[in-house]
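A.B. asks: In our numbering, the protein residues as written are 320 to 478.
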């Protein structure tokens, strides 16, 4: 499994940069107000329609949840986009046993109330105009690996 790494300089720079590019490329960044329990972790399930998704949800975490950000990504994205690992990105190296270990890791992250775990259950980028969002297998593995004391939030990104 590819695990997240820490580097305060890279994290702070890209955190600023993400805010900058969102403000520069969009006339508004709005969200519905929701109740957040600070004593519970957050499982954030979101649609995946563009490369902006992760940035927008990272920004949402900074504004609303204020939790330690983690995101399950593909091994290809983890390797191709080097700075993701400094934003809590983790990924399976291979299918099978490693994939199960990665999903278990995601569930264990949800046991810490300071964490937010972002998962794109579609598995890959799809049009935002689809009639329904189909979840890939694996989300139940995440739930079963946790103590089930967290909030689940469904986020839909529309542009």
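Glycine residues also receive a C-beta, built at the ideal position from the N, C-alpha and C atoms.
Should residue 424 be counted as a contact of the ligand MN given a C-beta to heavy atom distance under 7 Å?
C.D. replies: Among the components of this structure there are no ligands whatsoever, and the ligand MN is therefore not found.
A.B. asks: So if DSSP puts residue 434 in a beta bridge, which residue, or which two residues, is it bridged to?
C.D. replies: In DSSP, residue 434 forms a bridge with 387.
A.B. asks: Who are the Cβ neighbours of residue 432 in its own chain at under 6 Å, not counting the five residues just before and after it?
C.D. replies: Cβ neighbours of residue 432 beyond the five flanking positions: 358, 359 and 360.
A.B. asks: I need the boundaries of the beta strand (DSSP E) containing residue 393, first residue and last residue.
C.D. replies: No beta strand (DSSP E) contains residue 393, which DSSP labels as neither H nor E.
A.B. asks: Can you give the beta carbon distance from residue 375 to residue 341, rounded, assuming they're within the 8 Å contact cut?
C.D. replies: 7 Å between Cβ atoms; contact.
A.B. asks: Would residue 413 and residue 461 qualify as a contact pair, given that the criterion is a beta-carbon distance under 8 Å?
C.D. replies: The answer is no: Cβ separation not under 8 Å.
A.B. asks: Note down the Cα distance separating residue 471 from residue 362, rounded to an integer number of angstroms.
C.D. replies: One C-alpha to the other measures close to 5 Å.
A.B. asks: Let me check understanding here. Comparing Cα to Cα, which of 391, 331, 368 and 415 lies closest to residue 323?
C.D. replies: Among 391, 331, 368 and 415, the Cα nearest to that of residue 323 belongs to 391.
A.B. asks: In this structure, how does DSSP classify residue 439 when only helix, strand and coil are distinguished?
C.D. replies: Here residue 439 sits in coil by DSSP.
A.B. asks: Spell out whether any CB of chain C is found under 8 Å from the CB atom of residue 434.
C.D. replies: No chain C appears in the structure shown, which is made up of a single protein chain.
A.B. asks: Assign residue 475 to one of two classes, buried (16 or more other C-beta atoms within 10 Å of its C-beta) or exposed (fewer than that).
C.D. replies: Exposed, since its Cβ has fewer than 16 Cβ neighbours within 10 Å.
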